[in-house]
Amino acid sequence: MNFKCISDLKSNLSTEYNIDPGLIDIVPELCPRDQGMDLTVNCFRLARQFKSNPVDLAKKVVDFLNSHSETEDVECVKAFVNITLTAKALYRDTVAVEQAILDDGLIPASDQEKILIEFSAPNTNKPQHLGHIRNNVLGRALCALFSRVGHDVTAVNLVNDRGIHICKSMLAYQRFGANKSPSDSDKKGDHFVGDFYVKFEREFQKQLDKIREENASLHDQSNQALFLNTEIGKAARELLVSWEKGDREVMSLWKLMNSWVLEGFNQTYERMGIQFDHTYFESDTYKLGKTLVLDGLEDGIFNLTADGAVEIDLTDVGLDKKVVLRKDGTTVYITQDIGTTFQKYSDHAPDRMLWIVGDEQIYHFKVLFAILQKMTLTCSDNLMHIPYGMVNLPGGKMKSREGTVVDADNLFDEMAELAHASTTERCRSSIPENIEERAEKIGMGAVKFMLLKVNAKTTLTFDPEASIKFEGDTGPYVQYAYARIASILRKFERENNNSNRKIDWEKLDSKEEKFVALQCARYGAVLKKSAADCDPAYLANYLLDLTKNFNRFYKNHSVLSAKNGSLKITRLELCKRVQIVLKDGLSVLGIETLEAM
RNA sequence: GCCUCGGUAGCUCAGCUGGAUAGAGCAAUAGCCUUCUAAGCUAUGGGUCACAGGUUCGAAUCCUGUCCGGGGUACCA
220 MNFKCISDLK SNLSTEYNID PGLIDIVPEL CPRDQGMDLT VNCFRLARQF
270 KSNPVDLAKK VVDFLNSHSE TEDVECVKAF VNITLTAKAL YRDTVAVEQA
320 ILDDGLIPAS DQEKILIEFS APNTNKPQHL GHIRNNVLGR ALCALFSRVG
370 HDVTAVNLVN DRGIHICKSM LAYQRFGANK SPSDSDKKGD HFVGDFYVKF
420 EREFQKQLDK IREENASLHD QSNQALFLNT EIGKAARELL VSWEKGDREV
470 MSLWKLMNSW VLEGFNQTYE RMGIQFDHTY FESDTYKLGK TLVLDGLEDG
520 IFNLTADGAV EIDLTDVGLD KKVVLRKDGT TVYITQDIGT TFQKYSDHAP
570 DRMLWIVGDE QIYHFKVLFA ILQKMTLTCS DNLMHIPYGM VNLPGGKMKS
620 REGTVVDADN LFDEMAELAH ASTTERCRSS IPENIEERAE KIGMGAVKFM
670 LLKVNAKTTL TFDPEASIKF EGDTGPYVQY AYARIASILR KFERENNNSN
720 RKIDWEKLDS KEEKFVALQC ARYGAVLKKS AADCDPAYLA NYLLDLTKNF
770 NRFYKNHSVL SAKNGSLKIT RLELCKRVQI VLKDGLSVLG IETLEAM
């Protein structure tokens, strides 16, 4: 939003108060709807910059703007200066230049960075659920957002493909799998493997119950503590040992099962519109972590504990001591992150590295960053963990044991089905040919928007009953506005009334039209703030606002039956601006637009 | 215990670099389809912004304390 009268005000005040104009920042806000004017300059806030009394300053601002040729009306309430602009100035400074609306979202070249973002990071033992979708959708949106404002973004996945959890599903497959493959059962590979993980857990639980029954003294011990007391737990551990030794048969099963899972994940990623520039595998990087730690031990960054484990003392930076290699020499969770991070740095040399990982790992990342700093990773001052909250169900957490996990693929299917039913209902007489495609876009739009409109860090509640609607603050609501505009444009073309009328913005004199224009002009600033705050929700909520304003305009002013050709053409132009912003904004959120709904 | 994030309408959430009478959506109620798609629009009701202090001309927003909830505090991942 760059209004001439505001920049003139800035020069005027800088002279008046003898302050360098570069130090003055006047950001006008949209005037609250019920005030009926266009812009507001908040002199309470502005007064601080001039170390002046808000009311006195407001008086000066009013005097200046009153005499400005581009204002129609200026009012002062307390120290809020409300401005009504001339139509000419308003549209010139908001929507007249299409490209300017989009370009306003770009940050200066000097602020552009090379950013590496790691997200998704799935385990290859079971299919992804709603919690993972939140991660994926958020990560994808942040990548698009950073890239949209001008950063150079590299998206990276880290596949968690080794460890005891992987061995559990492998063991169950060995016992119950009968050498079948996903294609035999017509299942996606990740679901196929996940079923064996569940089988393992069931068998383990059965054995646990038996052990506890037979030995009352074990009653109070946790499942994990009793893991090796069970036959199947012991067997899984042995499998892990064989894996680490590189046993040929075990490795080949591991590779086979992982390939099934990854094939399944790829389908899900594709459906979500997610691509990675690089995929790392923990099975490749954990050894590098160990090597780096051993080097660091020689350099005195790490030290040996009495029983032979390797640890680092972080008490000088307000954290605790942290073990990075067990006394038996095996790596722990954080060790592979150390290895992966150095690997990522040497592959891509980013200015900044981000991790999209759940908020339960905030402490983990604090420790990781402190370690990397001590190991003097080049960009260790620019490491950021972007935490997000869990997705709960109305009854509480999702629990796989109780079967209350919202499976990603199922959810997508259900949403698409509902969108399909809804479209069929609406179109009764003429079911569109591309109904499947439409239903998919609408269903996915609904899921993604639902996850992105809420601030990432809040723990969100997913109510399957309520969240499945396509009305109100939803993705389809925004998509629908886009489709309506597309429909207007089509009809206009069909009627072929391309009279040589000129665009005349001054014809748009209603408050609905002005609000739409003003709202469009905010887009660039919204993108920049959204990116700076790493918060796609801000953008999502803006798109809802813009859509709401557009719908009010749509309801009150017909485009195609406008009084005269010039008005029609100009309203059409305004619609195009809205359409462009909606498409651009939705695409950042990973949501597709439809030409008809 | 300590650390951390939260508590805003019946429900789900905005608002939080202090500023106008606290906003949306859902749900409820009442309207609007011979006019560009009603997945829409309009209206009504609904709030001691957890509680108590403090700072300020002004606090949902900042500070302190209390209560309640999530998460963390592993040689688990």
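Quick note: the first sequence uses this note's numbering, first residue 220, plus one each step.
Just so it is clear, CB atoms sit at the ideal spot from N, CA and C, and this is done for glycine as well.
As the structure is a computational prediction, the values presented were derived from the model and not from experiment.
Quiz prompt | CA nearest to the CA of Asp626, picked from Leu637, Gly614, Val610 | solution = Here residue 626 refers to the residue found at position 407 when the first sequence is read from its first residue. When only C-alpha atoms are compared, the closest one is Val610.
Quiz item: Going by beta carbon distance, what residues of the same chain come within less than 8 Å of Asp764, once the five residues before and after it are set aside?
Solution: As a first step, residue 764 is located in the first sequence; it is residue number 545 there, counting from the start. The residues are Gln738.
Quiz item: Can you name the start and end residues of the alpha helix (DSSP H) that His160 belongs to?
Solution: Residue 160 cannot be examined here, being either before or after the span of the chain that is shown, 220 to 816.
Quiz item: Is the region 705 to 725 in contact with the region 308 to 315, if contact means three or more CB pairs nearer than 8 Å?
Solution: yes
Quiz item: Just checking my contact of Ile334 with Leu573 at CB under 8 Å: how many whole Å lie between their CB atoms?
Solution: Within the first sequence, residue 334 is the residue found at index 115, counting from 1. Within the first sequence, residue 573 is the residue found at index 354, counting from 1. Indeed they touch by this definition, with Cβ atoms about 6 Å apart.
Quiz item: What whole-angstrom Cβ distance do Glu555 and Gly508 have, given they're in contact under 8 Å?
Solution: The count along the first sequence starts at 1 and reaches residue 555 at position 336. The count along the first sequence starts at 1 and reaches residue 508 at position 289. The residue you asked about is not Glu; residue 555 is Gln in the sequence shown. So it is a contact: roughly 5 Å between Cβ atoms.
Self-check item: Contained alpha helix (DSSP H) runs [length at least 4] in the region 482 to 541, N- to C-terminal order
Solution: 501 to 517
Quiz item: Looking at the structure shown, is Ile243 part of a helix, part of a strand, or coil, going by DSSP?
Solution: In the first sequence, counting from the first residue as 1, residue 243 sits at position 24. Coil.
Exercise. Could you pull out every residue in the same chain whose Cβ sits closer than 7 Å to the Cβ of Arg431, ignoring the five residues on either side in sequence?
Key: Here residue 431 refers to the residue found at position 212 of the first sequence. The residues are Leu437, His438.
Quiz item: Do the CB positions of Ala702 and Met816 come within less than 9 Å of each other?
Solution: As a first step, residue 702 must be located in the first sequence, where it is residue number 483. As a first step, residue 816 must be located in the first sequence, where it is residue number 597. It is a contact, given that the beta carbons lie within the stated cut-off.
Quiz item: For Asp754, which option in Phe365, Gly452, Lys540, Gly483 has the closest C-alpha, if you only look at C-alpha atoms?
Solution: Taking the first sequence and counting its residues from 1, one reaches residue 754 at position 535. When each option's Cα is compared against that of Asp754, the closest is Phe365.
Quiz prompt | Burial state of Glu732, where buried means 16 or more other Cβ atoms lie within 10 Å | solution = Within the first sequence, the letter at position 513 stands for residue 732. Its Cβ being crowded by 16 or more others within 10 Å, Glu732 is buried.
Quiz item: Gln318: buried (16+ other C-beta within 10 angstroms of its C-beta) or exposed?
Solution: Counting from one through the first sequence, the residue named residue 318 turns up at place 99. Exposed.
Self-check item: In DSSP terms, what Arg796 is bridged to
Solution: Numbered from 1 along the first sequence, position 577 holds the residue referred to as residue 796. Per DSSP, none; premise fails for Arg796.
Quiz item: When burial is assigned at 16 or more other CB atoms within 10 Å of the CB, is Gly408 buried or exposed?
Solution: As a first step, residue 408 is located in the first sequence; it is residue number 189 there, counting from the start. When all chains shown are included, Gly408 counts as buried.
Quiz item: Taking just the CA atoms, how far does Ala740 sit from Lys748?
Solution: Translated into positions along the first sequence, residue 748 becomes position 529. Translated into positions along the first sequence, residue 740 becomes position 521. Looking at the two C-alpha atoms, the distance is approximately 14 Å.
Self-check item: Whether Leu377 touches Thr510 by CB criterion (9 Å)
Solution: In the first sequence, the residue the question calls residue 377 occupies position 158. In the first sequence, the residue the question calls residue 510 occupies position 291. The answer is no: Cβ separation not under 9 Å.
Self-check item: Residue(s) in a DSSP beta bridge with Cys295
Solution: Numbered from its first residue, the first sequence carries residue 295 at position 76. Paired residue(s): Val300.
Self-check item: When Val356, Ser271, Arg264 are compared against Met491, the one with the closest alpha-carbon
Solution: Position 272 of the first sequence, counted from the start, is the residue given in the question as residue 491. Answer by Cα proximity: Val356.
Quiz prompt | Which listed residue (Ile493, Lys585, Arg545) has its alpha carbon closest to that of Leu538 | solution = To locate residue 538, count along the first sequence from 1; it is residue 319. That would be Lys585, whose Cα lies nearest to the Cα of Leu538.
Self-check item: Beta-carbon proximity of Ile320 to Ala374, cut-off 9 Å
Solution: Walking along the first sequence from the start, residue 320 turns up at place 101. Walking along the first sequence from the start, residue 374 turns up at place 155. No. Outside cutoff.
Quiz item: Does DSSP classify Arg267 as helix, strand or coil?
Solution: Stepping through the first sequence from its first residue, residue 267 is reached at position 48. Correct three-state label for Arg267: helix.
Quiz item: Below 9 Å between beta carbons: does that hold for Lys278 and Leu232?
Solution: Sequence index remark: in the first sequence, residue 278 carries index 59 (1-based). Sequence index remark: in the first sequence, residue 232 carries index 13 (1-based). No.
Quiz item: From what residue to what residue does the beta strand (DSSP E) around His604 run?
Solution: Counting from one through the first sequence, the residue named residue 604 turns up at place 385. Start and end: 602 to 607.
Quiz item: Using 8 Å as the Cβ pair cut-off and three pairs as the minimum, do the region 339 to 348 and the region 523 to 535 touch?
Solution: no
Self-check item: DSSP three-state assignment for Met821, whether helix, strand or coil
Solution: Because the chain is modelled from 220 through 816, residue 821 falls outside the range shown and cannot be assessed.
Quiz item: Alpha carbon to alpha carbon, how far is Ile245 from Ile650?
Solution: Indexing the first sequence from 1 puts residue 245 at position 26. Indexing the first sequence from 1 puts residue 650 at position 431. Cα to Cα, the separation comes out at about 52 Å.
Exercise. Could you pull the start and end residues of the alpha helix (DSSP H) that Thr554 belongs to?
Key: The residue labelled residue 554 in the question sits at position 335 within the first sequence. Looking at the DSSP string, the run of the alpha helix (DSSP H) that includes Thr554 is 552 to 567.
Quiz item: Exposed or buried, which one is Met634 when buried takes at least 16 other CB atoms within 10 Å?
Solution: What you label residue 634 is simply residue 415 of the first sequence in a count that begins at 1. Counting Cβ neighbours within 10 Å, Met634 comes out buried, since at least 16 surround it.
Quiz item: Going by the CB atoms, is the gap between Phe299 and Asn272 shorter than 9 Å?
Solution: For the purposes of this step, residue 272 is taken as residue 53 along the first sequence, with counting starting at 1. For the purposes of this step, residue 299 is taken as residue 80 along the first sequence, with counting starting at 1. Cβ distance not < 9 Å, so Asn272 and Phe299 don't count as in contact.
Exercise. Give the DSSP bridge partners of Leu335, in chain order.
Key: Counting from 1 along the first sequence, the entry for residue 335 is found at position 116. Partner(s): Thr373, Met572.
Self-check item: C-beta atoms of Asn379 and Val576 nearer than 9 Å
Solution: Position 160 of the first sequence, counted from the first residue, corresponds to residue 379. Position 357 of the first sequence, counted from the first residue, corresponds to residue 576. It is not a contact, given that the beta carbons lie outside the stated cut-off.
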